[in-house]
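Residue numbers (the working numbering), protein chains in the order written: chain A, 6 to 280; chain B, 223 to 504.
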């Protein structure tokens, strides 16, 4: 089977600063994968390369066999980070979701009966039908996330791309959104997302791509969420706990003991330690 | 009363002026929504100055005014768009540099050939009494073209204005939409110059849109309300201009500013009353 998304030895530089180096990834139709890694690891840049918003400095990015961003490539439903949205823009939930239909829309400025049917069914599916006439700013973070997910689904895409879908929403809403996305994946939708939330990713995403400029590891949460790989990815000490079949990752706190506080070192000695 | 209202229509200059003011008001109201939401409120101010430079050049080269000013305005608008897209310069700074430089070209030429300074008063401050039947025809054609482009490009324009980058991902050809919009904008400003004058166009583009924004949270309703506000204030402004014998551009803009203040006051009062009702325990 041909991969839906394929990065072949991709490097990307921003103002001569390397952001991604020699990254190769293939995502098959029907797969769900999440990019994890620290801030500045290149997660957003990688997503933007797939969306065709950036061009690789080296290597090739292909979506459904065509170059990323070209009109021949597969249709993509994109859910941007919530903090990039202009919340003062005068637009209701229905108007926002209708934008997703733009490729299938007629030349007339109003929505066709088919557009309306599709939007209604997507809103119902995501359980936000009652918000249809509301302005986007008046919603909670979780509802806002679902509206933009609805816009992506209204495009009836081959690939769903989500940039940090769990940031800016409370833990329960984040759980709900990831649950919905994994439901969609079970129904056959290919998903690629970036996330900071390792625990949510471990619970909901079957394949994790650990990124820190290079692809550090690629595999199931059980395979890649190990202290060694996480230390390579985050350059930090991470503890991994397993309980009731679930994985929990936590950053180890800096060593700090009661005894350290007992003897105050001389400032000159502190300076020496820093040197 | 009705006879009193209809009396000014006995004069041809008033009839022409009224048609021009209503059409230009509506067109500026319509385009203004996109301008305000793109955070380019000063593009009207800047572009009208740039076009003034183009008009002077057209005059010196004895080109047709509409053609000379049109090409100049369109190029300035495209240049602003491209500068914003391709560099780290923000829209407001790009507008400042490009349009002021273009205005300076006009001023330089005028100061070199002082003899025709007077004929540009109309362009700077508007002269609605001088609107001829031919001007009306040009205004009507531009209004029709602008309305048609907005009508058929509505969805693409809405998506590009809301989030240009995401619109591109969803298959909207945003560069084309921006270029088309620059053309529409240049056309609107050129035909509005004679009615409102270079110095007052900015207000006619911005005030109806922000008035409509106060009244609705829906994009399509904002478009309709802003267009209607532009047309209605054009009409009322023309009457006031006739009644109080003041410059038409100024009276239209003052009518718009008055309406905006009224709507601002009413919406603030309504919000305060609603908040009080919510917070009052019964």
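All C-beta atoms in this analysis are idealised placements derived from N, C-alpha and C, irrespective of residue type, glycine included. All values reported here derive from a predicted model rather than from experimental measurement.
Could you compute how far the alpha carbon of residue i sits from the alpha carbon of residue j?
{"i": "residue 239 of chain A", "j": "residue 255 of chain A", "result": "12 Å"}
{"i": "residue 423 of chain B", "j": "residue 311 of chain B", "result": "24 Å"}
{"i": "residue 178 of chain B", "j": "residue 84 of chain A", "result": "Residue 178 of chain B lies beyond the residue range present for chain B, which begins at 223 and ends at 504; the question has no answer from this structure."}
{"i": "residue 63 of chain A", "j": "residue 391 of chain B", "result": "22 Å"}
{"i": "residue 300 of chain B", "j": "residue 6 of chain A", "result": "45 Å"}
{"i": "residue 33 of chain A", "j": "residue 204 of chain A", "result": "24 Å"}
{"i": "residue 219 of chain A", "j": "residue 436 of chain B", "result": "49 Å"}
{"i": "residue 247 of chain B", "j": "residue 55 of chain A", "result": "44 Å"}
{"i": "residue 254 of chain B", "j": "residue 471 of chain B", "result": "17 Å"}
{"i": "residue 244 of chain A", "j": "residue 223 of chain A", "result": "19 Å"}
{"i": "residue 46 of chain A", "j": "residue 40 of chain A", "result": "10 Å"}
{"i": "residue 197 of chain A", "j": "residue 211 of chain A", "result": "11 Å"}
{"i": "residue 115 of chain A", "j": "residue 380 of chain B", "result": "12 Å"}
{"i": "residue 450 of chain B", "j": "residue 199 of chain A", "result": "45 Å"}
{"i": "residue 270 of chain B", "j": "residue 191 of chain A", "result": "56 Å"}
{"i": "residue 291 of chain B", "j": "residue 452 of chain B", "result": "24 Å"}
{"i": "residue 504 of chain B", "j": "residue 497 of chain B", "result": "Model confidence at residue 504 of chain B stands at a pLDDT of 44, short of 50, so the residue's coordinates are unreliable and nothing is read from them."}
{"i": "residue 368 of chain B", "j": "residue 249 of chain B", "result": "8 Å"}
{"i": "residue 442 of chain B", "j": "residue 256 of chain B", "result": "11 Å"}
{"i": "residue 464 of chain B", "j": "residue 406 of chain B", "result": "30 Å"}
{"i": "residue 185 of chain A", "j": "residue 258 of chain B", "result": "36 Å"}
{"i": "residue 166 of chain A", "j": "residue 274 of chain B", "result": "47 Å"}
{"i": "residue 462 of chain B", "j": "residue 434 of chain B", "result": "22 Å"}
{"i": "residue 21 of chain A", "j": "residue 359 of chain B", "result": "55 Å"}
{"i": "residue 90 of chain A", "j": "residue 229 of chain A", "result": "33 Å"}
Is DSSP giving residue i helix, strand or coil here?
{"i": "residue 504 of chain B", "result": "Interpretation of residue 504 of chain B is limited by its pLDDT of 44, a score under 50 that renders its predicted location unreliable; the figure taken from the coordinates is listed afterwards. DSSP places residue 504 of chain B in coil when its eight states are reduced to three."}
{"i": "residue 497 of chain B", "result": "helix"}
{"i": "residue 48 of chain A", "result": "helix"}
{"i": "residue 238 of chain A", "result": "helix"}
{"i": "residue 353 of chain B", "result": "coil"}
{"i": "residue 385 of chain B", "result": "coil"}
{"i": "residue 262 of chain B", "result": "coil"}
{"i": "residue 60 of chain A", "result": "coil"}
{"i": "residue 39 of chain A", "result": "strand"}
{"i": "residue 107 of chain A", "result": "coil"}
{"i": "residue 430 of chain B", "result": "helix"}
{"i": "residue 303 of chain B", "result": "helix"}
{"i": "residue 181 of chain A", "result": "helix"}
{"i": "residue 240 of chain B", "result": "helix"}
{"i": "residue 116 of chain A", "result": "coil"}
{"i": "residue 17 of chain A", "result": "strand"}
Using 10 angstroms around the beta-carbon of residue i, count the other beta-carbons present and answer buried if the total reaches 16, otherwise exposed.
{"i": "residue 29 of chain A", "result": "exposed"}
{"i": "residue 48 of chain A", "result": "buried"}
{"i": "residue 400 of chain B", "result": "buried"}
{"i": "residue 249 of chain A", "result": "exposed"}
{"i": "residue 495 of chain B", "result": "exposed"}
{"i": "residue 468 of chain B", "result": "exposed"}
{"i": "residue 92 of chain A", "result": "exposed"}
{"i": "residue 224 of chain B", "result": "exposed"}
{"i": "residue 132 of chain A", "result": "exposed"}
{"i": "residue 477 of chain B", "result": "buried"}
{"i": "residue 261 of chain B", "result": "exposed"}
{"i": "residue 238 of chain B", "result": "buried"}
{"i": "residue 294 of chain B", "result": "buried"}
{"i": "residue 169 of chain A", "result": "buried"}
{"i": "residue 493 of chain B", "result": "exposed"}
{"i": "residue 473 of chain B", "result": "buried"}
{"i": "residue 460 of chain B", "result": "buried"}
{"i": "residue 88 of chain A", "result": "exposed"}
{"i": "residue 11 of chain A", "result": "buried"}
{"i": "residue 111 of chain A", "result": "exposed"}
Query - Cβ contact check for the stretch 233 to 243 of chain B and the stretch 363 to 378 of chain B: 3 or more pairs under 8 Å - result: Touching, no.
Query - At least three beta-carbon pairs within less than 8 Å, the stretch 348 to 357 of chain B to the stretch 404 to 420 of chain B - result: yes
Query raised in the report: Is the stretch 90 to 106 of chain A close to the stretch 143 to 154 of chain A, with three or more CB pairs under 8 Å?
Result: yes
Query raised in the report: Is the stretch 315 to 334 of chain B touching the stretch 293 to 307 of chain B, taking contact as three or more C-beta pairs under 8 Å?
Result: The stretch 315 to 334 of chain B, when compared against the stretch 293 to 307 of chain B, does touch it at the 8 Å Cβ threshold.
**Report entry** Contact list for the stretch 57 to 68 of chain A against chain B, Cβ threshold 8 Å
**Finding:** 57 and 58
Query raised in the report: If you measure beta-carbon to beta-carbon, which residues of the stretch 222 to 256 of chain A are closer than 7 Å to chain B?
Result: none
Query raised in the report: Got a sec: which bits of the stretch 132 to 162 of chain A sit with their beta carbon under 7 Å from any beta carbon on chain B, in order along the chain?
Result: 140 and 160
Query raised in the report: the stretch 421 to 452 of chain B: which residues have C-beta closer than 9 Å to a C-beta of chain A, in chain order?
Result: 434, 435, 438, 439, 440, 441, 442, 443 and 444
Query - Proximal residues, the stretch 256 to 279 of chain B versus chain A, C-beta separation under 8 Å - result: 259
Report task. For the stretch 389 to 421 of chain B, enumerate the residues whose C-beta is nearer than 8 Å to any C-beta of chain A, in chain order. Result -> 389, 390, 391, 392, 393 and 394
Query - Residues of the stretch 165 to 185 of chain A whose Cβ lies closer than 9 Å to any Cβ of chain B, in chain order - result: 166
Requested in this report: Mind checking the stretch 108 to 129 of chain A against chain B and listing, in chain order, the residues whose C-beta falls within less than 7 Å of any C-beta there?
Outcome: 108, 110, 112 and 114
Query raised in the report: For the 8 Å Cβ check, are there 3 or more pairs between the stretch 327 to 336 of chain B and the stretch 278 to 289 of chain B?
Result: yes
Query raised in the report: Mind listing which residues of the stretch 360 to 377 of chain B have their C-beta closer than 7 Å to chain A's C-betas, in chain order?
Result: 373, 374, 376 and 377
Query raised in the report: Between the stretch 88 to 100 of chain A and chain B, which residues of the former have a C-beta closer than 8 Å to a C-beta of the latter?
Result: 89, 90, 91, 94, 95, 96, 97 and 100
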